[in-house]
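Visitor: Mind having a look at this structure? Questions to follow.
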Amino acid sequence: MLLEEKRFEHERTTSTSRQGLLNRNLGAVISVATILISGVQVWVAVASKEKELALAKEQKERELQLAQLQAERELDNGWRKDFFEYLKLNDEAIFGADAKKRILKRNVLVAAFPESLVGQIRVALAESAGSAGELSLVSAQADVVERPPPRVYLAEAIKSGPPASNVPAGARRLVAAAQAERTRVFVHYADPNDRSIATALSLALDGEGYGVPSPEILTEGASSTGDVRYFHADDKQLADKVGALVQQVLGEKGVALRGNVRVIGLQGKYGNMPRRVLEVWLPALGKH
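Structural data, given as structure tokens:
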């Protein structure tokens, strides 16, 4: 009997020890499992957030590209509308028998419009040319979206052309395009993401009658605040006017610069720069 009691007590003690060990091990296993599950949850959350940010970035880039295409399309449509309006108003002179009027109007046509448009009628211009000199003019590549128009041609065109009040509203920009002293404005931007805003600014300047090439991305010499630069003292008033327009357009686009657009005179630094040529330098707008 005593032996049985001792054996029973031994088994009870052993069982209790094993149960305690099992309980301790089970607690450790549960703790490790909890940590692993938490780690997986964090990893899933991080991966989900990264995917969300990537999708948002992709969506923003897509929206910027669409806005850029829309702005460029509007700019192209404006040029196209004015080009065909000019042809309609001056068809008889451009293709007529009066050599003086014909050459005058063709000079304006070649000087004031992009080659992409003039090239569409270049064959017709060449076929109706009355001299080798005239043929040479209309056969040349003359895209003034990339260069100032010849002043002598445009000065004559303005002298003999109709006043602005006689030009239909849709072609009034043509009068500005045919000014001998037409102001050229070159728009530069520093961040590829700002192209749509730079294009919208070019569109606004073009609508005011300025000669505006396509915006160009330039990081070297870029402005940190936003500048309008002029190169001759008598162009300061023009630069102030352009600066105000730049400020207005950026405001309409929800862009707040650190201060007002600066107007900077660079007289004497670039002696070969013609008068009435201005440069707009936009900073990286995402940093403002």
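Under this note's numbering, the first residue of the sequence shown carries the number 2, and numbering increases by one thereafter.
Don't be surprised by glycine CBs; every beta carbon is placed ideally from N, CA and C.
1. When the distance is taken between beta carbons, is ALA199 closer than 7 angstroms to PRO216?
2. How is LEU217 classed by DSSP in three states: helix, strand or coil?
3. Could you give the DSSP three-state label for GLY255: helix, strand or coil?
4. State the start and end residues of the unbroken beta strand (DSSP E) segment that holds ARG276.
5. With DSSP run on the structure shown, which of helix, strand or coil describes VAL145?
6. The beta strand (DSSP E) that contains GLY266, what's its start and end?
7. Can you tell me whether LEU279 is buried or exposed? The criterion is at least 16 other CB atoms within 10 Å of its CB, across all chains shown.
8. How long is the line joining the alpha carbons of GLU62 and LEU286, rounded to whole angstroms?
9. Please return the same chain residues whose Cβ sits closer than 6 angstroms to the Cβ of PHE114, not counting the five positions on each side in sequence.
10. Check whether the Cβ atoms of VAL256 and VAL243 sit closer than 7 angstroms, and answer yes or no.
11. Are the Cβ atoms of ALA245 and TYR231 separated by less than 7 angstroms?
12. Compute the Euclidean distance between the alpha carbons of LEU206 and ASN108, then round it to the nearest angstrom.
13. Do you know offhand how far LYS101's Cα is from VAL264's?
14. Excluding five sequence neighbours on each side, which residues of the same chain lie with their C-beta closer than 8 angstroms to the C-beta of THR220?
15. State yes or no: is the C-beta of TYR211 within less than 7 angstroms of the C-beta of VAL250?
16. Which of the three DSSP states is assigned to ASP241 in this structure?
17. By the 10 Å Cβ neighbour count, where 16 or more other Cβ atoms means buried, how is LYS270 classified, buried or exposed?
18. Buried or exposed: which applies to LYS52, given that a residue is buried once 16 or more other Cβ atoms fall within 10 Å of its Cβ?
19. How far does the alpha helix (DSSP H) with ASP207 in it extend, from its first residue to its last?
20. Quick one: measure Cβ to Cβ for GLY227 and LEU283, integer angstroms, because I've assumed they're closer than 8 angstroms.
Guide: Reading it off the structure:
1. Taking the sequence shown and counting its residues from 1, the one referred to as residue 216 is at position 215. Taking the sequence shown and counting its residues from 1, the one referred to as residue 199 is at position 198. In contact: PRO216 and ALA199 (Cβ atoms closer than 7 angstroms).
2. In the sequence shown, the residue the question calls residue 217 occupies position 216. One detail in the question is off: residue 217 reads as Glu in this sequence, not Leu. The answer is strand: DSSP assigns GLU217 an E or B state.
3. The count along the sequence shown starts at 1 and reaches residue 255 at position 254. Note: GLY255 maps to coil in three-state DSSP.
4. Along the sequence shown, one-based indexing puts residue 276 at 275. First-last for ARG276: undefined, no H or E at that position.
5. Residue mapping note: residue 145 aligns to position 144 of the sequence shown, counting from 1. Any reading at VAL145 is ruled out, since the residue's pLDDT is 36, under 50, leaving its predicted position unreliable.
6. Here residue 266 is taken as the residue at index 265 of the sequence shown, counted from 1. Where GLY266 is concerned, the enclosing beta strand (DSSP E) stretches over 263 to 266.
7. The residue you call residue 279 lines up with position 278 of the sequence shown. By the neighbour-count rule (16 or more Cβ atoms within 10 Å), LEU279 is buried.
8. Stepping through the sequence shown from its first residue, residue 62 is reached at position 61. Stepping through the sequence shown from its first residue, residue 286 is reached at position 285. Each residue's alpha carbon lies about 15 angstroms from the other.
9. Translated into the one-based positions of the sequence shown, residue 114 becomes position 113. Taken in chain order, the residues that qualify are PHE84.
10. Residue mapping note: residue 256 aligns to position 255 of the sequence shown, counting from 1. Residue mapping note: residue 243 aligns to position 242 of the sequence shown, counting from 1. No; because the gap between Cβ atoms is not below 7 angstroms, this pair is not in contact.
11. In the sequence shown, the residue the question calls residue 245 occupies position 244. In the sequence shown, the residue the question calls residue 231 occupies position 230. Not closer than 7 angstroms, so no.
12. Along the sequence shown, read from residue 1 onward, the residue named residue 206 stands at position 205. Along the sequence shown, read from residue 1 onward, the residue named residue 108 stands at position 107. Distance between the alpha carbons of LEU206 and ASN108: 24 angstroms.
13. Taking the first residue of the sequence shown as position 1, residue 101 is located at position 100. Taking the first residue of the sequence shown as position 1, residue 264 is located at position 263. One C-alpha to the other measures close to 42 angstroms.
14. As a working mapping, residue 220 is identified with position 219 in the sequence shown. Correct list, in chain order: ALA191.
15. Start at 1 with the first residue of the sequence shown, and residue 211 comes out as number 210. Start at 1 with the first residue of the sequence shown, and residue 250 comes out as number 249. No, these two residues do not count as a Cβ contact at 7 angstroms.
16. In the sequence shown, counting from the first residue as 1, residue 241 sits at position 240. ASP241: helix per DSSP, three-state reduction.
17. Numbered from 1 along the sequence shown, position 269 holds the residue referred to as residue 270. Classification for LYS270: exposed.
18. The sequence position of residue 52 within the sequence shown is 51, counting from 1. Exposed is the call here.
19. Your numbering for residue 207 matches position 206 in the sequence shown. Segment 196 to 208, the alpha helix (DSSP H) holding ASP207.
20. Translated into positions along the sequence shown, residue 227 becomes position 226. Translated into positions along the sequence shown, residue 283 becomes position 282. Confirmed, about 6 angstroms.
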